[in-house]
Amino acid sequence: MVQPAVELNDVSKTYRTGSIEVPALRGVSLRIVPGEFVATAGPSGSGKTTLLNIIGGLDRADAGEVWVAGQNLQLLSSGELARVRLQRIGFVFQTYNLLPVLTALENTEFTLLLQGVAKHTRRERVQKLFSEIGLAGLENRRPAELSGGQQQRVAVARAMVTEPALILADEPTANLDSATALALLEVMERLNRATGTTFIFSTHDPQVMERAHRLIRLRDGQIASDEARDRQAPVAAAKGGAA
Amino acid sequence: MTSVLLLVKVSWRNVWRNPRGTLLTALALGLGLALLLISLGLLDGGHEQTIASAVRFGPGDVVIQAKGFQDSGSQELLLAARVVSRVDAFLQTAPMKRVLLGVSPRLLATGLLSSAANSAGVTLVGVIPREERAVSLIPQRMVEGTYLSDDNPSGIVIGAAVADKLEVKVGSKVVLMTQAVRQPGAKVKGVTGGEMQSTLLRVNGIFRTGIQAMDANVIHLPLPVAQTLLGVPDNQVTQVALLLRREGDSLMVAQGLRQQLAGAPVEVLTWRESMPMLAQILGLDHAFNYVMNGVVLAMVGLGILNTILMRVLERRYEFGVCKALGLRPVQLALMIIGESLALTAISLAFGLALGLSVEHYFATAGLNLRLLFRTGLPPALVVDPMLYSRLSLERIVSSVSIVFIVATVISFYPALKAARTELPDALKVL
Chain A
9 MVQPAVELND VSKTYRTGSI EVPALRGVSL RIVPGEFVAT AGPSGSGKTT LLNIIGGLDR
69 ADAGEVWVAG QNLQLLSSGE LARVRLQRIG FVFQTYNLLP VLTALENTEF TLLLQGVAKH
129 TRRERVQKLF SEIGLAGLEN RRPAELSGGQ QQRVAVARAM VTEPALILAD EPTANLDSAT
189 ALALLEVMER LNRATGTTFI FSTHDPQVME RAHRLIRLRD GQIASDEARD RQAPVAAAKG
249 GAA
Chain B
20 MTSVLLLVKV SWRNVWRNPR GTLLTALALG LGLALLLISL GLLDGGHEQT IASAVRFGPG
80 DVVIQAKGFQ DSGSQELLLA ARVVSRVDAF LQTAPMKRVL LGVSPRLLAT GLLSSAANSA
140 GVTLVGVIPR EERAVSLIPQ RMVEGTYLSD DNPSGIVIGA AVADKLEVKV GSKVVLMTQA
200 VRQPGAKVKG VTGGEMQSTL LRVNGIFRTG IQAMDANVIH LPLPVAQTLL GVPDNQVTQV
260 ALLLRREGDS LMVAQGLRQQ LAGAPVEVLT WRESMPMLAQ ILGLDHAFNY VMNGVVLAMV
320 GLGILNTILM RVLERRYEFG VCKALGLRPV QLALMIIGES LALTAISLAF GLALGLSVEH
380 YFATAGLNLR LLFRTGLPPA LVVDPMLYSR LSLERIVSSV SIVFIVATVI SFYPALKAAR
440 TELPDALKVL
């Protein structure tokens, strides 16, 4: 049996503001196998962001188990969580969030530098990715000199360059026009197919939902529906097992 | 190592993210350092000039006198002849010759100087003109006539204020009256101790030092004349004043003399001991300056804190992203400290360039204090109206180090704040 890329067992999370308690997740259990291209959708406050935060090790669940790439995140220290994020998870944020003082190339190799990867390998990986996702020639531009779509592609490249088991993308197309959003989705889908990297999105965008292989709908902190779409099934050679 | 280089690169570029803010902060910090250097240069220069003038108008860098003279000022207290001989012998040794600029034996007493018009109480100083020229500044401050010479045994030089009071000028006759020193035993030079003595002298020159207490009180006359008038043997004086090449050698010379004269009824004093008031004033001046510099540093430090803190607060989201990507808290803190160090380095370069340029100007052209004190110079501290800055390498290094340390320590707080960026709160989404 394939080890899941992500497995949540009865995960709950409640936020407290003074005496007010807001349940964000209520007993969520799910299993995502390596190579899946999953979208989570739902209205505001349904728990999409909390779910991704907990899967990404940015936040901790109050109860339940969170397994990512074979590790129970609930048992890890904050330093160990940082290492898991650096080595195993890639993030794509809604507002691109590139470091403004670094060029596209430097932003992309940022996490590789933190991992201590040699310069030759770094450049090779970045150039390959840039060619694949249409960023060739833009290496030395800073974020302010790139369009929104280009910036988000750089963010995707930054997330992909460490060859992580899992990429979490929070509303990656929210700030893009539909044509650019579609192009970005195609890039991510292509990378998913080519590398077997697991993608999990949170989204309001029907285009993203349409292209997802699996759509998980959340409502009031619980999974309302979990449906496989009429898309390509997870690739056989997918990554995401235990490191 | 690679990640350190990355952090250095990010820090340096972050410094220039807001060039105007960076330049304004560098300007503020640089001005702080420049002010520090300039004020220290003028302070040290002023103190050095004050000390140099004070010792040359007063008792020298080191003075040897009879025990108790410092407290009582009694003219009865004289150095014994054998003590003077031992001092002479010690000062002739090679190590002493290397540090000595001049040696002047002096006989001090009080007296009444009278002219046809008026009288004035004076401190008479019997000197050997050739020796006194090597030690005292008075021979260089003659405004009328000339200083004493060995071939004019009845000459006298007086302060300008004494001359004004007595209404005398060069060539005028004056009468000096004093009480003979009480010596144990018989008469000396036919003078009985305690008797009033007087002698007729001719004004050889008039000096003006700018120090009211000297111009209105001091007169110089040849040592033999003073000894005869006071009934003091030829080989006895009140004190021997030493002028050194370097003021810093005072303590060493004084300690050597104390060892040499151990057991003799003498006191060997450095200028700090013979002019304690001056030493205290200079010490107070230093302390006040340190307080002022502390205030400047605090203002500069708060400026840096404000700048870095604002930058950190503005970039909370960015730090959240960095942390999400796997940057550890210590790396975030190092990035902020790196930014602060880069900003400090730019500021120090600017401050050093400005501070040393202005200091160099004041060291060569000087600062004319008359321009600052239109109503008259304060007489106690600075004698020369041209104040020349003097800044040692040690001062420069310590000033730069202090500013650097202050800026670095202050950057710890924003660095800590950045390191404590909480996930996922710092991220608005995800």
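So the sequences go chain by chain: A and B.
Throughout the first sequence, residue numbering follows the working numbering, covering 9 to 251 in sequence.
Throughout the second sequence, residue numbering follows the working numbering, covering 20 to 449 in sequence.
The beta carbon of each residue, even a glycine, is placed where N, CA and C say it ideally should be.
Contact with chain B by residue i, beta-carbon distance below 8 angstroms
| i | result |
| --- | --- |
| A:Val-109 | yes |
| A:Asn-61 | yes |
| A:Phe-138 | no |
| A:Phe-45 | no |
| A:Gly-156 | no |
Residues that residue i contacts on chain B, provided the C-beta gap is smaller than 8 angstroms
| i | result |
| --- | --- |
| A:Asn-105 | Tyr-336, Glu-337 and Val-340 |
| A:Arg-122 | The identity of residue 122 of chain A in the sequence shown is Leu, whereas the question assumes Arg. In chain order: Ser-22, Leu-25, Leu-344, Gly-345, Leu-346 and Gln-350. |
Proximity test, Cβ basis, 8 angstroms: residue i and chain D
| i | result |
| --- | --- |
| B:Pro-295 | The structure shown contains no chain D; the protein chains it does contain are A and B. |
Chain A within 8 angstroms of residue i, Cβ atoms only
| i | result |
| --- | --- |
| B:Val-29 | yes |
| B:Ala-399 | Legend: pLDDT at B:Ala-399 = 48, less than 50; position of this residue unreliable, no value from coordinates given. |
| B:Leu-451 | Residue 451 of chain B lies beyond the stretch modelled for chain B, which goes from 20 to 449, so this question has no answer here. |
| B:Pro-433 | no |
| B:Asn-37 | no |
| B:Leu-362 | no |
| B:Pro-404 | no |
| B:Leu-263 | no |
| B:Leu-386 | no |
| B:Leu-442 | yes |
| B:Ser-430 | no |
Endpoints, the beta strand (DSSP E) within which residue i is located
| i | result |
| --- | --- |
| B:Thr-218 | 215-226 |
| A:Glu-171 | Run containing A:Glu-171: none; DSSP gives neither H nor E here. |
| B:His-239 | 237-241 |
| B:Gly-322 | No beta strand (DSSP E) holds B:Gly-322; the alpha helix (DSSP H) holding it covers 295-333. |
| A:Asn-252 | Since the displayed chain A opens at 9 and closes at 251, residue 252 of chain A lies outside it and no answer follows. |
| A:Leu-3 | Outside the shown range of chain A (9 to 251) lies residue 3 of chain A, about which nothing can therefore be said. |
| B:Ala-85 | 81-85 |
| A:Asp-234 | 230-236 |
| B:Gly-178 | 174-178 |
| A:Arg-227 | 222-227 |
Listed by chain order, chain B residues near residue i by CB distance under 7 angstroms
| i | result |
| --- | --- |
| A:Thr-119 | Leu-344 and Gly-345 |
Residue i: contacting residues in chain A (beta-carbon distance under 8 angstroms)
| i | result |
| --- | --- |
| B:Arg-32 | Val-109 and Leu-110 |
For residue i, the first and last residue of its enclosing alpha helix (DSSP H)
| i | result |
| --- | --- |
| A:Ile-208 | Looking at the DSSP string, A:Ile-208 is not in any alpha helix (DSSP H); the run it does join, the beta strand (DSSP E), is 206-211. |
| A:Asn-115 | 112-123 |
| B:Glu-150 | 148-154 |
| A:Phe-138 | 127-140 |
| B:Lys-436 | 412-438 |
| B:Thr-383 | 348-383 |
| B:Gly-65 | 38-76 |
| A:Asn-61 | 56-63 |
| A:Leu-94 | 86-96 |
| A:Ala-214 | Sequence inspection shows Pro at residue 214 of chain A; the Ala mentioned does not correspond to that position. Segment 214-219, the alpha helix (DSSP H) holding A:Pro-214. |
Cross-chain neighbours of residue i in chain A, by beta carbon under 9 angstroms
| i | result |
| --- | --- |
| B:Leu-301 | The premise fails here: B:Leu-301 is roughly 50 angstroms from chain A at the closest Cβ pair, so nothing lies under 9 angstroms. |
Residue i: CB within 7 angstroms of a non-hydrogen atom of the ligand ATP
| i | result |
| --- | --- |
| B:Leu-297 | Judged by which ligands are present, the structure shown has none, so any question about the ligand ATP falls away. |
Beta carbons nearer than 8 angstroms to chain B: which residues of the segment 66-96 of chain A have them? Leu-66, Asp-67, Gly-87, Ala-90, Arg-91, Arg-93, Leu-94 and Gln-95
Between the segment 432-439 of chain B and the segment 351-363 of chain B, can you find at least three pairs of beta-carbon atoms closer than 8 angstroms? yes
Using a Cβ distance threshold of 8 angstroms, determine whether the segment 294-313 of chain B contacts the segment 332-342 of chain B, with at least three qualifying pairs required. no
Determine, using beta-carbon pairs with one atom in the segment 92-110 of chain B and one in the segment 307-316 of chain B, whether at least three such pairs fall under 8 angstroms. no
Between the segment 191-211 of chain A and chain B, which residues of the former have CB atoms less than 9 angstroms from a CB of the latter, in chain order? Ser-210
Residues of the segment 314-333 of chain B in Cβ contact with chain A at a cutoff of 7 angstroms, in chain order, please. none
Meets three-Cβ-pair contact criterion under 8 angstroms: the segment 120-128 of chain A and the segment 177-192 of chain A: no
How do the segment 51-67 of chain B and the segment 367-386 of chain B stand: do at least 3 beta-carbon pairs fall below 8 angstroms, yes or no? yes
At a cut of 8 angstroms, does the segment 74-82 of chain B reach the segment 271-283 of chain B through at least three beta carbon pairs? yes
Do three or more CB pairs link the segment 257-275 of chain B to the segment 219-236 of chain B at distances below 8 angstroms? no
Could you tell me whether the segment 195-212 of chain A touches the segment 18-31 of chain A, where touching means 3 or more Cβ pairs closer than 8 angstroms? no
Report yes or no: do three or more beta-carbon pairs, one from the segment 221-240 of chain A and one from the segment 69-87 of chain A, lie closer than 8 angstroms? no
Per the contact definition of three or more C-beta pairs closer than 8 angstroms, is the segment 119-128 of chain B in contact with the segment 212-220 of chain B? no
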